[in-house]
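Q: Residue numbering for the sequence shown follows this note's numbering, beginning at 176 and increasing consecutively. Just dropping this structure here.
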Amino acid sequence: MQALDVLLNRVSVPRLVEPAPDAAQREILFGAALRAPDHGLLKPYRFLCVEGAARERMGDLLAEALLLQGGSPTEQQLDKARLGPLRAPLVVVVIARLQDHPKVPRSEQRLTAGCAAHGILLAAYALGLGGVWRTGELSFSPHVAKGLGLSDDEEVLGFLYLGTPQNPPRVAAKEDTATFVSAWQG
Numbered sequence: 176m177q178a179l180d181v182l183l184n185r186v187s188v189p190r191l192v193e194p195a196p197d198a199a200q201r202e203i204l205f206g207a208a209l210r211a212p213d214h215g216l217l218k219p220y221r222f223l224c225v226e227g228a229a230r231e232r233m234g235d236l237l238a239e240a241l242l243l244q245g246g247s248p249t250e251q252q253l254d255k256a257r258l259g260p261l262r263a264p265l266v267v268v269v270i271a272r273l274q275d276h277p278k279v280p281r282s283e284q285r286l287t288a289g290c291a292a293h294g295i296l297l298a299a300y301a302l303g304l305g306g307v308w309r310t311g312e313l314s315f316s317p318h319v320a321k322g323l324g325l326s327d328d329e330e331v332l333g334f335l336y337l338g339t340p341q342n343p344p345r346v347a348a349k350e351d352t353a354t355f356v357s358a359w360q361g
């Protein structure tokens, strides 16, 4: 697949089935992540692969976080949290590893980690895999961060759900770039 085809046509694929990306495909996915723009070469990210029965444990962790938020979540809300990680054969947790640096603020490091995640999604599309980036309030829960083993200088940016598309990916809508681009006259 041509690079411009990937950049112009990648779409989120939410309905995913087995098989998950294999070892060779994962090497490509994470290799693409490592090409993210990275001022200072800090590599301010890391990834956790969650698959098999670990997805069920991740679902339990998300349900616990929902209960700890207070209120009274319904059984349906708890089930949704528990079943979320089972929507794909592989969930990649995207983690920003934020460092104190005199020239690279933490906000820029977060952007680098986000670009690394986008690299994974682009590579997945190029390989014929499906992927979707999911967040939601539970993604940013301190309980989830602790349960996933994050340090104080790390934060979850989201979850990449990866697998084989259940259906052919939809065609990307063509956007008018003029809507988003303008000249600044000073």
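Note that beta-carbon positions come from the ideal geometry of N, C-alpha and C, so glycine has one too.
Please report the straight-line C-alpha distance between Leu223 and Arg230, rounded to a whole angstrom.
A: Going from the Cα of Leu223 to the Cα of Arg230 covers about 12 Å.
Q: Could you work out which residue in Asp328, Leu253, Ala208 and Leu183 is closest to Ser282 when comparing CA atoms only?
A: Selected option, being the one with the closest Cα: Asp328.
Q: Which residues in the same chain have their Cβ closer than 6 Å to the Cβ of Pro260, if we skip the five residues on either side of it in sequence?
A: Around Pro260: Arg230, Met233, Gly234 and Val266.
Q: Out of Leu209, Phe334, Gly306 and Ala353, point me to the one whose CA is closest to Arg345's CA.
A: The shortest Cα separation from Arg345 among Leu209, Phe334, Gly306 and Ala353 belongs to Gly306.
Q: Which class does Glu193 belong to by DSSP, given the choice of helix, strand or coil?
A: If DSSP states are grouped into helix, strand and coil, Glu193 belongs with coil.
Q: Exposed or buried, Gly333, counting other C-beta atoms within 10 Å across all chains shown (16 or more means buried)?
A: Its Cβ being crowded by 16 or more others within 10 Å, Gly333 is buried.
Q: Could you pull the start and end residues of the alpha helix (DSSP H) that Val319 belongs to?
A: Residues Pro317 to Gly322.
Q: Can you tell me whether Glu350 is helix, strand or coil according to DSSP?
A: Coil.
Q: Looking at C-alpha atoms only, which residue of Thr339, Ala320 and Tyr336 is the closest neighbour of Glu330?
A: Residue Ala320 is the option with its Cα nearest to Glu330.
Q: Go through the region 244–312 residue by residue and report every complete run of the alpha helix (DSSP H) that reaches 4 residues or more, in order.
A: Qualifying alpha helix (DSSP H) stretches, in chain order: 250–258 and 281–301.
Q: Restricting to Cα atoms, I'd like to know which of Arg272, Leu297, His318 and Glu250 is closest to Leu217.
A: Measuring from the Cα of Leu217, the nearest candidate turns out to be Arg272.
Q: Hey, Ala240 and His318 are a contact pair by Cβ (cut 8 Å); roughly how many whole angstroms apart?
A: Going by Cβ atoms, the distance from Ala240 to His318 rounds to 4 Å, so yes, they are a contact pair.
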